[in-house]
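Residues in the sequence shown are numbered from 3 upward in steps of one, following this note's numbering.
Notes for the one structure printed next.
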Amino acid sequence: MRIDFGGETVIVTGGTGALGGAVVQGFLDAGARVLATYVVEAEVAPFRKRFAGQAERVALQRCDLRRAGEVSALFERVAPDSLRAVVNLAGGYTWTRVADADDAALEHLLDLNLRTTFTVCRAAATVLTAAGGGAIVNVSARAALRGEAGNGVYGATKAAVLALTQSLSAELKDSGVNINAVLPSIIDTPANRAAMPNSDPGNWVAPAALANVIVFLASGDAAAIHGAGIPVYGLA
């Protein structure tokens, strides 16, 4: 059955990134309007070019997701009764051994992965509950479940995202808001190909494939799924 958002709005944080473009396209294909956030100015022009033919259904807003005031302004841009889902793509990765990680490395990944997700989820929970329902989809990682050398700090922040998802789900499911997380392995992005030139990207998760899972979880078809961490590993 084809998913159809019927013109409802989806907020996609980090929408101008490598995964963001695929997710935005997935929601547009499913009939949604999309409000995407960004912080990297260099990503704006390629994003606008990619979606130039669908500009009437795609909006951009610069937003420092760590700051509650900017997140509030983001949600004020959307009529509550038109908001269907919020997708938290914003995040980042740093490879570092725990013994070599200084406080700045920990704070950096906590900000990118946990604080951004927490701040957006807090605002989304209030808005979606008042609107009578909707969905939140977070991005955790396989590293949240499987410890590997160099992934200790990153995996800890992604495990926190998963714990936040599960707890918030328990708080919201009786309000008509379902919240879940995807747990990808390595996503096939230009940055990952450059960082791992000797690996086979055919085993990784294609952004479009991950986007399909995210779109499903944000739709009414996934209304019975609460607090799940969905593995999306590809062949990796």
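Here a beta-carbon is modelled for each residue, glycine too, at the ideal position from N, C-alpha and C.
No experiment lies behind these values; they were computed from the predicted model shown.
In the three-state DSSP reduction, Arg52 falls in the helix class (H, G or I). Following the DSSP letters along the chain, one finds Arg86 inside the beta strand (DSSP E) bounded by residues Leu85 to Asn90. Asp202 and Pro82 have their C-alpha atoms roughly 44 Å apart.
Pro233 counts as exposed, since fewer than 16 other C-beta atoms from the protein chains shown sit within 10 angstroms of its C-beta.
For Tyr95, there is no enclosing beta strand (DSSP E), since its DSSP letter is neither H nor E. DSSP, read as helix, strand or coil, puts Leu185 in strand. Taking every protein chain shown into account, the CB of Asn205 has fewer than 16 other CB atoms within 10 angstroms, so this residue is exposed. Annotation for Ala107: the continuous alpha helix (DSSP H) segment containing it runs Asp105 to Leu111. Contact between the segment 132-152 and the segment 170-186 is present: three or more C-beta pairs spanning the two stretches fall below 8 Å.
By the C-beta density criterion, Ala70 is exposed, having fewer than 16 other C-beta atoms within 10 angstroms.
In this structure, Ala44 sits away from Val14, with a CB-CB distance that is not shorter than 7 Å.
Excluding its 5 nearest sequence neighbours in each direction, Arg79 has C-beta neighbours in its own chain below 8 Å: Leu37, Ala61 and Gln63, listed in chain order. Residue pairing of Leu62 in beta bridges, as defined by DSSP: Ala38. Under the three-state reduction of DSSP output, Ile216 falls in the helix class.
Three or more beta-carbon pairs drawn from the segment 84-94 and the segment 13-28 are found closer than 8 Å, and the two stretches are therefore classed as touching.
Going by C-alpha positions, Leu174 is about 8 Å away from Ile181. At the C-beta level, Ala92 and Leu67 come within 7 Å of one another.
Separation of the CB atoms of Leu21 and Leu185 is rounded to 14 Å, and the pair is thereby denied contact status at 8 Å.
Taking Leu116 as reference, the option from Asn153, Gly152 and Leu164 with the minimal CA-CA separation is Leu164. Taking the Cα of Leu166 as reference, the smallest distance to any Cα among Val122, Val73, Val129 and Gly136 is reached at Val122.
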